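Read through the structure below, which is laid out as structure tokens, and then see the notes.
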Ligand code: NOJ
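In this note's numbering, the protein residues as written are 91 to 827.
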């Protein structure tokens, strides 16, 4: 293959900005608009695509993963187009390429930036090995609505956690050097507000105050920008009446002006021409105008830029500097990726995909993602020498494809190890294992398989149920209004529970499900999300106590849909919830009563507590937090404070605990959340061991956007808690003076 790119031989300077300017000088308008156009791959190179690339009309391609095709596409671009500019090749590598890691929401339950970075690095290497150089991840949309199918792809409800984990993903995909052959460009998406769609309906309207936008939604995007994320993607949604793809406040004011962002912004799929359907642009020309005006550098899929830019320029609606800016932003990333120097991909130079160390990493990520939600009578871990007859039941026990979750275009189903296979392997001949599916799918509504399931359960001392939702029930455009276990899964669980066996439920799902009823049917409940390729061995290790669970919820689990949105960092309100605010509807008195506070008694039939709070997760041991201390009781603006506590493993099992630090800013010029996560640490402890955990906060860590959208830290009292979840009660206070 000819590596002598025409452009390289022409150019003598190697400074990126000079190289960009040099190219811009030579480019025709068609070639500039070409850079701003991303085409969809078409399983090969049909004549019209070849011609468009030759004419410099294509800047990027997505969804083509055949290395020979990609190398040929790049060859056409660099050898047959006038300026020889290589394409940037995109793909949704969301939680793995061929080796699948847990869905992002599951990874977030690990609260472990290192394992997340490692997963992204492996995904980048696998993807780069076929010729992909850009992923559309991480998705750092904050979501508080488990009805939304895309909650599976996000990193939870908390801006601090999503900031840390999102930047870890960026680092993993991009490595230390974007031009390294196994680095790929990352993309912070969906900018912004997409996770706030009304009632969790995908693509629906987003009504959000600027206070909420800046204090809750934008911080993870800012963190990704600070971590050097190469690209941003505009959201599909209409935010406060201005669709994100035409939103100057977001793209121009915040991203470019306030954050000084130097990468490029791609639209979401067709989101430029969808400005017409939003009723924001009359036709494709106006749609292109709005998007260019807002600062969307590259148009994904639709062709409104190609069709209209010339006319818009002629009419003076846009000017050539706007186009040049977009092109500069795109070329900058192409240069940084080293695409001009290393255009082609040779699969042989890369490690084998799905190799043992990748699979081991996927297993570790799955182990750390699982959250133990209930464990009555220490039913878990199972003891190999005590369990004699084990029944494994459920539609999710032995289905590799379903355990991979959403966005698994390239995931290798045949590499997946299911829980059933893994438990067989682990138990060997020591345990008599029987398996019944019970229900054809999680959605099945018939009892045909119940009897077989019940009969193997009767013959067993322990029953492990694998239930949840298939992969297709979450992800883009797959939302649910009823988020109980679908189908007759609860019915089957109820029947099994009547047998009085030791019953464990492992849920595999793409979202928090409402488990209020379900949890009563089982002794132990483990949430495995969609755990990816190595979900089976990870779950087997956890069930049999090879390792203790350490996952913590990155999102609150509602008791019922009527509680949504329910999240830990809410505002207090003028009539905050007091104990007893929950009363079953049957018990509410006939006439209103006065509380001792003089308020009319305030009842909410769902109660105000979630079923499982943010940050929650059990272990096979117990932890005791005590002796909270401050380095000082008051600090001045610009100072640090240290908050420490002792953490003791009071049980008999070696384990990792995620220690969490929450603060409350008691009085603000705008109201502040009742708690905010400001730090966390994974602490490994042997039985009986105590460690001092120390968190260090700078007054800047306590900043927020005030009434005038100024980023400030305000003096006053701050309460602070350290503990194992967002209800932590080990508390002290300090002051900023
Ligand atoms: C639409 C999705 O919203 C986005 O997340 C994805 O990256 C693009 N399609 C490309 O597949």
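Virtual Cβ for every residue (Gly too), placed ideally from N, Cα, C. All values reported here derive from a predicted model rather than from experimental measurement.
Answer yes if the region 157-176 comes into contact with the region 116-135, meaning at least three C-beta pairs across the two stretches below 8 angstroms, and no otherwise.
The answer is yes - the region 157-176 touches the region 116-135, with three or more Cβ pairs under 8 angstroms.
Taking only the alpha-carbon atoms, compute the straight-line gap between residue 416 and residue 380 and give it to the nearest angstrom.
When rounded, the distance between both Cα atoms is 14 angstroms.
Classify residue 719 as buried or exposed, calling it buried when 16 or more other Cβ atoms lie within 10 Å of its own Cβ.
Taking all protein chains shown into account, residue 719 has fewer than 16 neighbouring C-beta atoms within 10 Å of its C-beta and is therefore exposed.
For residue 396, collect the residues of the same chain with a Cβ closer than 6 angstroms to its Cβ; drop the 5 residues on either side in sequence, then sort them by chain order.
Answer for residue 396: 123, 127, listed in chain order.
Given residue 352 as reference, the closest of 317, 495, 482 once Cα atoms are compared:
Measuring C-alpha to C-alpha distances from residue 352 to each of 317, 495, 482 identifies 317 as the nearest.
What's the C-alpha gap between residue 808 and residue 210?
Straight-line Cα distance between these residues: approximately 36 angstroms.
Check the C-beta distance from residue 585 over to residue 544 and give it rounded, since I have them as a contact under 8 angstroms.
The beta carbons of residue 585 and residue 544 sit about 6 angstroms from each other, so the pair counts as a contact at 8 angstroms.
With 16 other Cβ atoms within 10 Å as the buried cut-off, status of residue 107:
Around the beta carbon of residue 107, fewer than 16 other beta carbons lie within 10 angstroms, which makes this residue exposed.
Just mark residue 242 as buried or exposed, buried being the case when its beta carbon has 16 or more other beta carbons within 10 Å.
By the 10 Å Cβ count, residue 242 comes out buried.
Can you tell me which residues fall inside 5 angstroms of the ligand NOJ, judged by beta-carbon distance to its nearest heavy atom, and keep chain order?
These are the residues, in chain order, with a beta carbon less than 5 angstroms from any non-hydrogen atom of the ligand NOJ: 182, 226, 358, 359.
So for residue 830, helix, strand or coil by DSSP?
Since the displayed the chain opens at 91 and closes at 827, residue 830 lies outside it and no answer follows.
Measure from the alpha carbon of residue 709 to the alpha carbon of each residue in 680, 739, 734, then state which is nearest.
Of the candidates 680, 739, 734, the residue whose Cα lies closest to the Cα of residue 709 is 739.
Residue 774, enclosing beta strand (DSSP E) - first and last residue
From DSSP, the beta strand (DSSP E) with residue 774 extends over 766-775.
Tell me the DSSP bridge mates of residue 552?
Residue 552 has 480, 592 as its beta-bridge partners, per DSSP.
Environment of residue 343 [buried if 16+ CB atoms lie within 10 Å]
Residue 343 is classed as exposed because its beta carbon has fewer than 16 other beta carbons within 10 Å across all chains shown.
Ordered along the chain, which non-local residues of its own chain (more than five positions away) have a Cβ less than 6 angstroms from that of residue 460?
Counting only Cβ-Cβ distances below 6 angstroms, and skipping sequence neighbours, we find 616, 618, 632, 639, 641.
Between which residues of its own chain and residue 793 is the CB-CB distance below 7 angstroms, once the five residues before and five after are set aside?
Hits under 7 angstroms: 801, 802, 803.
Classification of residue 299 by the beta-carbon crowding that lies within 10 angstroms, buried from 16 upward
It is exposed - the Cβ of residue 299 has fewer than 16 other Cβ atoms within 10 Å.
C-alpha distance - residue 476 paired with residue 634, whole-angstrom precision:
When only Cα atoms are considered, residue 476 and residue 634 end up about 11 angstroms apart.
For residue 277, write down the residues that DSSP places opposite it in a beta bridge.
Looking at the DSSP assignment, residue 277 forms a beta bridge with 321.
Could you tell me whether the region 245-257 touches the region 325-333, using the rule of 3 or more Cβ pairs below 8 angstroms?
Counting Cβ pairs under 8 angstroms, fewer than three are found: no touch.
Can you check whether the CB of residue 354 is closer than 8 angstroms to the CB of residue 387?
Contact flag set, yes.
Length-filtered (3 minimum) beta strand (DSSP E) runs lying within the region 563-628
Whole beta strand (DSSP E) segments, 3+ residues: 592-598, 614-617.
Contact under 8 angstroms by Cβ, residue 824 with residue 723:
Cβ distance < 8 angstroms, so residue 824 and residue 723 count as in contact.
Under 8 angstroms Cβ to Cβ from residue 612, same chain only, skipping five residues before and after it: list those, please.
Counting only residues of its own chain and dropping the five nearest sequence neighbours on each side, residue 612 has a CB closer than 8 angstroms to the CB of 464, 555, 583, 587, 593, 594, 595.
Is the beta carbon of residue 454 less than 8 angstroms from the beta carbon of residue 522?
Not a contact, by the Cβ cut-off of 8 angstroms.
Residue 781: first and last residue of the uninterrupted beta strand (DSSP E) it sits in:
In the DSSP assignment, residue 781 falls within the unbroken beta strand (DSSP E) covering 780-788.
Beta strand (DSSP E) runs contained entirely in the region 447-474, provided each spans 3 or more residues
For the region 447-474, whole beta strand (DSSP E) runs of length 3 or above, ordered along the chain, are 461-465.
Who are the near neighbours of residue 100 in its chain, counting only those whose CB is closer than 6 angstroms to its CB and skipping five residues on each side?
With a pLDDT of 38 at residue 100, under the threshold of 50, the modelled position of that residue is not reliable, and no figure is offered here.
Can you list, in chain order, the residues of its chain whose CB lies under 7 angstroms from that of residue 760, leaving out five sequence neighbours each side?
Excluding residues up to 5 positions away in sequence, 301, 796, 797 lie with their Cβ nearer than 7 angstroms to the Cβ of residue 760 in the same chain.
Is residue 505 near residue 565, with beta carbons less than 8 angstroms apart?
In this structure, residue 565 does not lie closer than 8 angstroms to residue 505 by Cβ.
When the distance is taken between beta carbons, is residue 785 closer than 8 angstroms to residue 732?
Their beta carbons are under 8 angstroms apart, which means residue 732 touches residue 785 by this criterion.
So, do the region 423-436 and the region 264-272 have three or more beta carbon pairs nearer to each other than 8 angstroms?
A contact exists between the region 423-436 and the region 264-272.
In three-state terms, what does DSSP make of residue 375?
If DSSP states are grouped into helix, strand and coil, residue 375 belongs with the helices.
Identify which residue in 493, 662, 510, 527 has its Cα closest to the Cα of residue 191.
The candidate whose alpha carbon is nearest that of residue 191 is 493.
Leaving out the 5 sequence neighbours to the left and right, which residues in its chain are closer than 8 angstroms to residue 294 when beta-carbon positions are compared?
Excluding residues up to 5 positions away in sequence, 287, 288, 327 lie with their Cβ nearer than 8 angstroms to the Cβ of residue 294 in the same chain.
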